[in-house]
Amino acid sequence: MKQLLLITAAIFFTTNIYARRRRIPACLPCEKIHLVEDLPNDESLLEQGSYLNLGYLYEEYGIIFIPAWNKEGKYVLTNEDETTYYDVSEDELAKLKEQYNLELSPNPLSFWKKIGGKIIYLIVIGLIIYGYLGKDDDEPEEA
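For the sequence shown, this note's numbering begins at 354 and goes up steadily by one.
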């Protein structure tokens with residue numbers, strides 16, 4: 354009787370594990386906010402009880418947390434936990450640059466976000482191709 358109970362429990366738990374499979378995490382596309390500049394806590398930058406910082410909003414395409422492609426983004430004001438953003442016009446951005454002495458690049462993303470993921474994907478694809486083409490079926494078998 355104990356064996357029957359153990360077998361039933363094992364089947365129940367293994368089917369439960371297989372039923373809760375996780376999908377491969379993919380962003381096709383995902384909106385991301387990259388913090389560019391932590392602005393001083395100024396009363397003019399207070400919104401809903403949270404001080405705003407300068408961020409860069411962009412769309413990212415990637416699989417398994419490795420970015421493959423990024424679309425050009427725009428500068429925004431974001432709250433401290435980067436969940437809400439507010440659009441910034443060119444005039445407002447110029448005022449912020451002048452007021453806080455900021456130097457902003459057209460694309461402030463890191464090397465990893467811009468190019469790093471592409472290198473990883475190219476290496477993986479190259480290894481897969483090498484695995485398929487690198488096998489020689491014409492090699493003589495040793496006895």
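We treat Cβ as the ideally placed atom computed from N, Cα and C, and that holds for glycine.
- Excluding sequence positions up to five before and after cysteine 380, its CB lies within less than 7 Å of the CB of Glu413, Tyr414 and Gly415, all in the same chain and listed in chain order.
- Counting only residues of its own chain and dropping the five nearest sequence neighbours on each side, aspartate 391 has a CB closer than 6 Å to the CB of Asn406.
- Minimum Cα-Cα distance from glutamate 443 among the listed residues Tyr428, Gln452 and Thr436 corresponds to Tyr428.
- Pairing asparagine 432 with serine 463 gives a Cβ-Cβ distance that is not under 8 Å.
- When the five nearest sequence neighbours on each side are left out, the beta carbons in the same chain lying within less than 8 Å of the beta carbon of proline 393 are those of Tyr453, in order along the chain.
- Straight-line spacing of the CA atoms in glycine 469 and glutamate 425 works out to 17 Å.
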